[in-house]
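*Asks:*
In our numbering, the protein residues as written are 52 to 102.
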């Protein structure tokens with residue numbers, strides 16, 4: 052699992068991932084999103100997973 056910072060808002064597995072926030076996703080999804088400019092892979096951990 053890796054962390055991504057979202058460039059856009061999107062729904063993923065029934066959850067809403069908001070632009071500018073950091074989420075943990077599987078590596079394959081992270082690579083796909085980064086190549087599509089949906090998100091950037093980051094080392095930054097989410098400050099609060101309930102946000």
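Glycine residues also receive a C-beta, built at the ideal position from the N, C-alpha and C atoms.
1) With burial defined as no fewer than 16 other Cβ atoms inside 10 Å of the residue's Cβ, what is the status of residue 90: buried or exposed?
2) For residue 95, which three-state DSSP category applies?
3) Do you know offhand how far residue 95's Cα is from residue 84's?
4) Tell me the DSSP bridge mates of residue 80?
5) List the residues that DSSP assigns as beta-bridge partners of residue 56.
*Replies:* Short version:
1) Residue 90 is buried by the Cβ-count criterion.
2) Secondary structure of residue 95 (DSSP, three-state): coil.
3) Rounded to the nearest whole angstrom, the CA to CA distance from residue 95 to residue 84 is 17 Å.
4) None, per the DSSP bridge assignment.
5) DSSP lists 73 and 91 as partners of residue 56.
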